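When we follow our numbering, the leftmost residue of the sequence shown carries the number 115, and every step to the right adds one.
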Amino acid sequence: MLLLETNPTYEGAAQRFRVPYINSQWIVPGLLLGLVALLYAYNRENMWAFFSFQDTGEGFWGSFFHRIPLWLFVIFCLIISYFCLTKKLSLIPVMGLLTNFYLMTELGIHNWIGFGLWMLVGLGIYFSFGFWQSKLRQEH
């Protein structure tokens, strides 16, 4: 069922844009279960190999570290499916989150380490600038 929600603060103004709400309560969990069924039917060996700790030629730690992002994605999919079932989230943002998080899983572990380091540098600069330029700090 497609419901159109409006912003109550602009009830008197002419409305040109309405955000569509599509209930994801059964769509997202159903899509994820269907995807698991397709993976099991057509790619059973690789699916079980992904969840096992077999050496893939890179050594145990190499294959382990490269699987971490996809494992986190699987955990995130389970969590978001739970929230779709219980909170009736909107389908469009949920599908956007799942799509972008899946794309992020394809980044290598070295990219994630670089991202984390640059994030720490950026947050350090941001908070140190905010600390020294704060009006509350200058009043005391």
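A virtual CB, placed ideally from N, CA and C, is assigned to each residue, including glycine. On a predicted model such as this, the values are computed, not experimentally measured, just so you know.
DSSP three-state call for N225: helix, strand or coil?
Residue state, collapsed to three classes: helix.
Hey, V142 and I227: beta-carbon distance below 8 Å or not?
Not in contact: V142 and I227 (Cβ atoms no closer than 8 Å).
Using only CA atoms, which one of T219, L203, Q247 and W162 lies nearest to I182?
Selected option, being the one with the closest Cα: T219.
Distance check for F197 and E159, CA to CA, integer angstroms please.
Roughly 30 Å between the two C-alpha positions.
I need the DSSP call for S242, collapsed to helix, strand or coil.
In the structure shown, S242 sits in a helix (DSSP, three-state: H, G or I).
Name the DSSP bridge partner or partners of S195?
In DSSP, S195 forms no bridge with anything.
Can you tell which of N137, R132 and F131 has the C-alpha that lies nearest to the C-alpha of K201?
Measuring from the Cα of K201, the nearest candidate turns out to be N137.
For the alpha helix (DSSP H) holding Q252, just list the boundary residues, first then last.
Looking at the DSSP string, the run of the alpha helix (DSSP H) that includes Q252 is K249 to E253.
Using only the alpha-carbon positions, how far apart do M209 and R251 sit?
Between M209 and R251, the C-alpha separation is close to 43 Å.
Taking the alpha-carbon positions, what's the S242 to M233 distance?
Cα-Cα distance, rounded: 14 Å.
According to the neighbour-count rule (16 or more other Cβ atoms, all chains shown, within 10 Å of its Cβ), is L192 buried or exposed?
Its Cβ having fewer than 16 others within 10 Å, L192 is exposed.
Quick check: F179 and F215, are their CB atoms within less than 8 Å of each other?
No, the Cβ-Cβ distance between F179 and F215 is not below 8 Å.
So for N160, helix, strand or coil by DSSP?
Helix.
Would you report the Cα separation of L203 and A155, rounded to the nearest angstrom?
When rounded, the distance between both Cα atoms is 29 Å.
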